[in-house]
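Colleague:
Residue numbers (my numbering): 2 to 212.
#1: Would you tell me roughly how many angstroms separate the C-alpha atoms of residue 92 and residue 131, rounded to the nearest one?
#2: Is it the case that the Cβ atoms of residue 156 and residue 181 are separated by a distance below 8 Å?
#3: Identify the continuous alpha helix (DSSP H) that holds residue 49 and give its terminal residues.
#4: Any chance you could list the alpha helix (DSSP H) runs of at least 4 consecutive residues sitting entirely within the segment 57–111, in chain order?
#5: Which runs of the alpha helix (DSSP H) spanning at least 4 residues fall entirely within the segment 111–173, listed in chain order?
#6: For the segment 127–147 against the segment 164–174, do three or more pairs of beta-carbon atoms, one drawn from each stretch, fall closer than 8 Å, so that the two count as touching?
#7: Could you compute how far the alpha carbon of residue 190 sits from the alpha carbon of residue 184?
#8: The alpha helix (DSSP H) spanning residue 45 covers which residue range?
#9: Less than 8 Å between the C-beta atoms of residue 107 and residue 38, yes or no?
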């Protein structure tokens, strides 16, 4: 009986946690990154004490909301990309999934920046997948040979930067993703200046690589 009760309590807690995270993403999308936690609790149908019991501070809530978004939208794209015989197409798949998610979750990302929830560690799985796909593309002659791993987080920052120049919900970012993908192709490539390593402070503040 005790075991069954414990399982039920854990299941209830997991449902509450998932409901809070989904509500947070909805409220930030509608009200902006500075929306009150009370608004999130109300949307989730729980008391503010329940929200704090699951997420003691906003940074933890934002980080978990980004993790939920990553698991739902970006992780499946990474799995598809890694199984694709064409690594350039796989790279495009991951970049498109990341940009599509970021466009939808732009206020969640803003909340993450504001609360200090974005770190280099948090984005490592995403960047590692880009690095692996780019390396495969280079080996296949589909990605320019002079691309280095440090270029990838910077490219993401460049792409993410266009989101803030467009109205929410716009898919205008697709134009710039197409330009970047063309630039990664070896056919039209011209020699690049020497690569410069990411500074530590910059690496930890790469807002475009929240995943």
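Think of the CB as a built atom: it goes at the ideal place given N, C-alpha and C, for glycine as much as any other residue.
As the structure is a prediction and not an experimental result, all values here were calculated from the model.
Modeller: According to the data block:
#1: 6 Å
#2: yes
#3: 49–55
#4: 59–70, 76–83 and 88–105
#5: 125–140 and 152–162
#6: no
#7: 7 Å
#8: 38–45
#9: no
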